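These protein sequence lines map, in sequence, to chains F and C. Taking our numbering, the leading residue of the first sequence gets 354, the next gets one more, and so forth. Taking our numbering, the leading residue of the second sequence gets 354, the next gets one more, and so forth. All residues carry an ideal CB built from backbone N, CA and C; glycine is no exception. Since the model is a prediction, treat every value here as computed from it, not as a measurement. One structure is given here, and the rest of the page talks about it.
There are 2 protein chains.
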Amino acid sequence: MNPHSFDAAVTLTPLTTGADAAAPGRFTGVSSPAYWNMIGPYGGITAATAMQAVMQHPGRLGEPIALTVNYASALGPGPFTVQATPVRTNRSTQHWSVSLSQADAAGAEGVVMTATAVTAARRQTWGVSDRPMPAVAPPADAERLTLKAGVEWINRYEMRPLAGRFPDVWDGSGTHSLSRLWVRDDPPRPLDFPSLAALADVFFPRVWLRRATRVPVGTVSMTIHFHADSGQLAESGDGFLLGQAEAQAFRNGFFDQTAQLWSGSGTLLVTTSQTVYYKE
Amino acid sequence: MNPHSFDAAVTLTPLTTGADAAAPGRFTGVSSPAYWNMIGPYGGITAATAMQAVMQHPGRLGEPIALTVNYASALGPGPFTVQATPVRTNRSTQHWSVSLSQADAAGAEGVVMTATAVTAARRQTWGVSDRPMPAVAPPADAERLTLKAGVEWINRYEMRPLAGRFPDVWDGSGTHSLSRLWVRDDPPRPLDFPSLAALADVFFPRVWLRRATRVPVGTVSMTIHFHADSGQLAESGDGFLLGQAEAQAFRNGFFDQTAQLWSGSGTLLVTTSQTVYYKE
Chain F
354 MNPHSFDAAV TLTPLTTGAD AAAPGRFTGV SSPAYWNMIG PYGGITAATA MQAVMQHPGR
414 LGEPIALTVN YASALGPGPF TVQATPVRTN RSTQHWSVSL SQADAAGAEG VVMTATAVTA
474 ARRQTWGVSD RPMPAVAPPA DAERLTLKAG VEWINRYEMR PLAGRFPDVW DGSGTHSLSR
534 LWVRDDPPRP LDFPSLAALA DVFFPRVWLR RATRVPVGTV SMTIHFHADS GQLAESGDGF
594 LLGQAEAQAF RNGFFDQTAQ LWSGSGTLLV TTSQTVYYKE
Chain C
354 MNPHSFDAAV TLTPLTTGAD AAAPGRFTGV SSPAYWNMIG PYGGITAATA MQAVMQHPGR
414 LGEPIALTVN YASALGPGPF TVQATPVRTN RSTQHWSVSL SQADAAGAEG VVMTATAVTA
474 ARRQTWGVSD RPMPAVAPPA DAERLTLKAG VEWINRYEMR PLAGRFPDVW DGSGTHSLSR
534 LWVRDDPPRP LDFPSLAALA DVFFPRVWLR RATRVPVGTV SMTIHFHADS GQLAESGDGF
594 LLGQAEAQAF RNGFFDQTAQ LWSGSGTLLV TTSQTVYYKE
């Protein structure tokens with residue numbers, strides 16, 4: 354049986370020989386054609402790769418609390434290197450620096466992504482969720498998104514839009530930036546922290562919805578706050594998540610995109626925000 | 354005339370002699386008693402210090418778009434070192450890694466803060482703000498916050514709460530986490546990117562409001578998305594900003610805190626989110 358395309362995409366091989374043997378957290382991977390976007394892999398899969406490097410590090414403490422990924426340059430086809438370094442380990446929290454680099458056409462290694470992450474040993478405390486899942490139709494009642502001439506990564510997700518659909522016509526008629534959809538890996542796959550990081554980027558650029566105009570865009574920086582622990586991810590299993598995304602401001606080349614993802618049973622799993630470049 | 358306490362607090366001196374002469378972006382600073390919080394400086398002033406290191410770097414391209422600051426350990430009194438490194442410079446964007454370190458009691462240098470930032474040359478584009486400033490009373494109609502036995506940094510800001518006030522009694526009676534206030538430096542000071550970064554952290558911990566219970570807390574990671582350029586900061590001048598903060602989820606030791614800051618005339622300047630540790 355072949356591995357799931359997500360597992361194949363985030364496979365990292367530790368560099369444990371030669372000079373690198375003394376540096377745990379250094380891995381090689383290969384960028385995935387199965388998650389290809391316009392000019393490089395889907396940003397979510399690159400975020401997942403950063404998360405994966407932290408998860409695979411032998412010295413990791415606890416589970417992810419926060420991840421910020423900065424897209425410095427387009428990742429190209431072929432191999433890349435990821436380095437995850439625990440820069441500070443406290444009693445119950447650990448701070449990570451991550452970078453992904455790739456050789457350019459001339460063979461020079463360049464930084465393609467930087468990231469920081471925080472992992473922590475969670476303890477049971479008082480808690481409350483003040484962002485309840487919106488009341489929406491169940492997945493079976495929402496039609497699956499099909500895009501003609503879509504990019505490849507879209508096919509790795511089963512998306513069932515509920516509101517704020519991908520524009521059918523680009524006529525400048527947009528009035529808001531709020532989207533809701535059911536989403537899961539296709540084929541379904543049990544949720545883990547890397548796949549949840551990828552899902553945080555699943556929303557199409559808010560500027561396309563807001564303007565009904567398809568301008569060039571690119572995510573510059575994305576931050577994810579994880580509210581769920583691995584037990585709650587296991588409860589979510591391979592079921593649909595409800596995603597919601599909205600922008601607050603579009604100005605002089607950049608807009609923000611904030612989003613939430615809930616499990617099918619209504620547990621808020623992540624809140625996230627990103628800043629996205631747009632042209633014109 | 355003495356410098357403003359904010360300028361004194363974020364003063365960084367380049368290390369340009371000896372082995373460090375080849376490494377621009379390496380600075381020394383001293384942690385500021387004027388912005389002291391419980392066990393270290395106010396987190397906002399540490400964020401401002403990271404921003405300042407980027408702003409002072411001789412190789413900087415453009416203005417801040419995004420800043421993520423991770424609080425790895427408590428900063429103590431005395432000198433520290435900041436390193437700001439442009440890890441990737443593109444045609445119109447630049448990606449930064451920043452770290453702040455300090456010697457511990459035994460003289461060993463440890464990482465206290467890591468940060469990433471993105472700066473960019475903005476171009477004029479289509480734009481819209483979908484997060485209008487809430488309709489509130491003007492600053493003159495809102496009473497200034499005074500806290501008995503408050504921490505020192507509170508005195509560096511003129512805060513005029515409008516809603517979601519700091520609890521008077523800790524009786525577990527909280528029902529929501531939304532606060533609004535007018536705020537500016539005290540004495541007033543023209544807004545710049547470092548001071549705006551500091552102001553993004555000005556909201557007291559949402560868990561105190563939500564629970565009316567004063568549990569130990571500490572910000573772990575804060576992300577700021579800057580929507581304003583320096584021209585819009587100049588328009589804001591030294592006037593009041595309207596701040597609004599709210600949490601989405603509190604669970605097993607961590608909650609998120611999202612916020613917005615508008616200029617007095619209603620321009621959305623920053624949107625921000627942080628994840629905060631809480632005990633019990």
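Asked                                                                                                                                 : Found
Beta carbon of F:R563 nearer than 8 Å to that of F:A600                                                                               : yes
As assigned by DSSP and simplified to three states, the class of F:R563                                                               : helix
Collapsed DSSP secondary structure at F:D360 in the structure displayed                                                               : helix
Min CB distance C:N355 to chain F below 8 Å                                                                                           : no
Reference C:R533; option with closest CA among C:R604, C:R444, C:P487 and C:V464                                                      : C:P487
Proximal chain F residues relative to C:S426, where beta-carbon distance stays under 9 Å                                              : R441, N443 and H448
For C:E633, three-class secondary structure by DSSP                                                                                   : coil
Endpoints, beta strand (DSSP E) assigned at F:L420                                                                                    : E416 to Y424
is_contact[C:H578, chain F] using C-beta, thresh 8 Å                                                                                  : yes
For C:T421 and F:M404, the rounded distance between their alpha carbons                                                               : 17 Å
Of the residues F:L594, F:L515, F:T576 and F:G592, the one placed nearest C:T625, counting alpha carbons only                         : F:T576
Short CB-CB distance (under 8 Å) between F:Q601 and chain C                                                                           : yes
Validate contact between the segment 414 to 428 of chain F and the segment 455 to 468 of chain F using beta carbons, cut 8 Å, 3 pairs : yes
Beta-carbon spacing of C:F592, C:V629 below 8 Å                                                                                       : The sequence shown places Gly at residue 592 of chain C, not Phe. No.
Neighbour flag for C:E633 against chain F, beta carbons, 8 Å                                                                          : yes
Cβ-based burial, C:H529 [other Cβ within 10 Å; buried from 16]                                                                        : exposed
Environment of C:A490 [buried if 16+ CB atoms lie within 10 Å]                                                                        : exposed
Closer than 8 Å to chain C by CB, F:V363                                                                                              : no
Span of the beta strand (DSSP E), counted from its first residue to its last, around F:Q409                                           : Counting along the chain, F:Q409 falls outside any beta strand (DSSP E), though it belongs to the alpha helix (DSSP H) covering G396 to Q409.
Any C-beta of chain C under 8 Å from that of F:L453                                                                                   : no
C-alpha gap between C:L594 and C:V536, whole angstroms                                                                                : 5 Å
Limits of the unbroken beta strand (DSSP E) element including F:D579                                                                  : Sequence check: residue 579 of chain F is Phe here, not Asp. Where F:F579 is concerned, the enclosing beta strand (DSSP E) stretches over V570 to F579.
Proximal residues to C:A437 (C-beta, below 7 Å), its chain only, five neighbours per side dropped                                     : G378, A406, V407, H410, W449 and V451
is_contact[F:S482, chain C] using C-beta, thresh 8 Å                                                                                  : yes
Start-end ranges of the beta strand (DSSP E) lying completely within the segment 462 to 486 of chain F, minimum 3 residues            : 462 to 473
Proximal residues of chain F, C-beta to C-beta of C:S574 below 7 Å                                                                    : A419 and V471
Unbroken alpha helix (DSSP H) run spanning C:A551, endpoints                                                                          : F546 to L552
F:I392 vs F:A473 beta-carbon contact at 8 Å                                                                                           : no
Buried or exposed by the 16-neighbour rule on C-beta atoms within 10 Å, applied to C:G525                                             : exposed
CA-to-CA distance, C:M512 to F:L365, given in whole angstroms                                                                         : 49 Å
Test item: CB-CB of F:A362 and F:I398 under 8 Å                                                                                       : yes
Status (buried if at least 16 other CB within 10 Å, exposed otherwise) for F:W523                                                     : exposed
Three-way DSSP call (helix, strand, coil) for F:L531 in this model                                                                    : coil
Distance between C:T402 and C:S382 (C-alpha atoms, nearest Å)                                                                         : Before going further, note that residue 382 of chain C is Gly rather than Ser in the sequence given. Approximately 9 Å between the Cα atoms of the pair.
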